[in-house]
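Following: one structure in structure tokens, then a few remarks.
Numbering (our numbering), first residue to last: 2 to 640.
As structure tokens, this is what we get:
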């Protein structure tokens, strides 16, 4: 599909990356990882032909279609969610307009025997055939299915896009991308604006995508669940392994350990040879042997150990004065935006030292409650902070509050006080802003760098209650790990709004799910919530399949009708069982193919028809799952 060879990109005379080479083939689901500023987004832009490169070549198959989801998008207003989403079907829309024109003319004209009328009928037939081939009769239903999977409700479909936040507009762009028939998907941090339910749906969608995917993501669990290959950009080079992220890390460490052991062995051999050379040089009759050893030494190819960029920010959240036992008391709280009610009758008591996670679909009030707690927006009801409570608040769009025209150093100095102004440079250094980088203007910083600066700025004020709204957006994995460790060590009260499952693990003791204007409490960590949530969904599915309704006396239904109905129920259940067995068999065959592919990718991928067989089995599973749904619905009606 795509072959990149010796790609080099330079900025102001310095290489961002140099001589990188890789291939993309159908079925590749690549996690592109690396530190903020390593060049991940740049590489995606190069593949999407939105940015030039200095050296190298990129060869693409003819008529290859590439879809690119960027971090920052521009939207034109005036369209509803559905209208904007339909733009994914550009050719279908064109054919639809032509059909509309022809139908209008056919309705207006009366010269039924004329050649022009006959040509119109011929054109109508051609366009209708073209419309059917393009999927014109299915695209609207497919659009609604994708939008619902990404969290939109039916009521949202007719709302104008400009009434939605940036995160929701990003989802619309993602929906358009998923609706297009692309061969390659390039995704730059696609989960940043998705809630946990939408991420789970998105994972399943990407697993069934038959083309190639290259994505930048800092969500470790998302990478492990979706990808089958990892490319890391580090210090201008790439490391490419056919493993998901966590398995890649293990393999990379093993390789590095072997390199280091080989290097030690080589250094011992070189030292032994050098000692022999020095010994033989002193003797005239051994001079020729010394020269021979020198030539041998010069021919040795020196082993190099892969270099890693191990620089990480240093974060510590100190607690200020000890607050009272109750840090927040919330009674009968309500919040609406116009006619849209977000929170209703919310009651919450938060004690000192609590560690809480706020989760739920976007728009359910998580960020709204966080803003209410820091007195940023108005509300109805009571929200009272306790004695001596000092709040540290990291907003979801915290980095947007940074003045783009000011330098990193100016932003910190302006926010500092007389007591900590002298520590500003040391603090910036701990957050990887050293040397000339402190003189950079905020507007040229990457998303991850802006988040690091916002975190650093927050530490200028003391606090004993820490409220963080999506703090990991744009942070690379190494920085996220450092932030997580700092939060684990933090001794104050912690409230986290986050959709990052891996980040939340081990950080909180209670989960509050925001749903239908209410808050549901789960006494346990994110794993407990996910397990419970999954179990609830499985129980619902089980109830749907094995629904046992109470027998109702129906005097108007004779015994023959009941027997026929029982027979149909039995037949439907047998069919469902048969389909489930077929799906299980095909899934096992796919697992075997995955294992075979992982064992020797280059060899297996060259087998004739391998990927055709692989994709055929995936398609069969998808068809069987649709049949399963139809038979379950039929069974429900019969029962």
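We treat Cβ as the ideally placed atom computed from N, Cα and C, and that holds for glycine.
Computed from a prediction, not measured in an experiment: that's the story for all the values here.
Per DSSP, residue 43 is one residue of the alpha helix (DSSP H) stretching across 41 to 48. Non-local C-beta neighbours of residue 184 in its own chain, meaning closer than 6 angstroms and more than five positions away in sequence, comprise 65, 66, 212, ordered along the chain. Going by C-alpha positions, residue 43 is about 28 angstroms away from residue 91. The C-alpha of residue 636 lies about 28 angstroms from the C-alpha of residue 617. Nearest C-alpha to residue 579 among 81, 628, 230: 628. In the displayed model, residue 493 falls within coil according to three-state DSSP, outside both helix and strand. For residue 410, the closest alpha carbon among the candidates 390, 394, 41, 433 is that of 433. As computed with DSSP, residue 459 is found in no beta bridge at all.
In terms of Cβ geometry, residue 504 and residue 481 form a close pair [threshold 8 angstroms]. Cβ neighbours of residue 180 within its own chain (closer than 8 angstroms, five residues either side excluded): 86, 89, 90, 140, 143, 144, 147. The C-beta of residue 18 has 16 or more other C-beta atoms within 10 Å across all chains shown, which makes the residue buried. Assignment of residue 5 by DSSP, reduced to helix, strand and coil, places it in the strand class. Here the alpha carbon of residue 351 sits roughly 11 angstroms from the alpha carbon of residue 325. Judged by DSSP in its simplified three-state form, residue 387 adopts coil rather than helix or strand. Boundaries of the beta strand (DSSP E) around residue 68: 67 to 70.
The stretch 515 to 524 and the stretch 371 to 379 do not touch, with fewer than three beta-carbon pairs separated by less than 8 angstroms. Between residue 220 and residue 192, the alpha-carbon positions lie close to 8 angstroms from each other.
Bridge pairing for residue 358: 497, 512 [DSSP]. In its chain, beyond the 5 residues on either side, 322, 323, 324, 325, 465 have a beta carbon closer than 8 angstroms to the beta carbon of residue 389.
If one requires a minimum length of 4 residues, the alpha helix (DSSP H) runs lying completely within the stretch 65 to 153 are 82 to 87, 91 to 109, 116 to 134, 140 to 150, in chain order. Beyond the five residues adjoining it in sequence on each side, residue 124 comes within less than 7 angstroms, by CB distance, of 103 in the same chain, given in chain order. Beta bridge pairing from DSSP links residue 469 with 395, 497. In the structure shown, the three-state DSSP call for residue 230 is strand. Taken atom to atom, the span from the alpha-carbon of residue 110 to that of residue 94 is near 25 angstroms. Of the residues assessed, residue 22 falls on the exposed side of the cut-off, its CB having fewer than 16 other CB atoms within 10 angstroms. Going by beta carbons, residue 45 and residue 215 fall inside the 8 angstroms limit. Relative to the Cα of residue 136, the nearest Cα in the group 431, 182, 459, 153 belongs to 182.
Nearest Cα to residue 108 within the set 121, 98, 96, 97: 121. Apart from sequence neighbours up to five positions away, the residues of its chain that approach residue 97 with a beta-carbon distance below 8 angstroms are 132, 137, ordered along the chain. In the DSSP annotation of this structure, residue 443 is not part of any beta strand (DSSP E), being labelled neither H nor E.
According to the DSSP secondary-structure assignment, residue 241 is paired through a beta bridge with 232.
Residue pairing by DSSP puts residue 341 in a beta bridge opposite 338. The Cβ neighbour count for residue 397, taken over all protein chains shown within 10 Å, is at least 16; the residue is labelled buried. A residue is called buried once 16 or more other Cβ atoms fall within 10 Å of its Cβ, and residue 209, having fewer, is exposed. Counting the other Cβ atoms within 10 Å of the Cβ of residue 477 gives 16 or more, which makes it buried. Listed as beta-bridge partners of residue 215 by DSSP are 31, 187.
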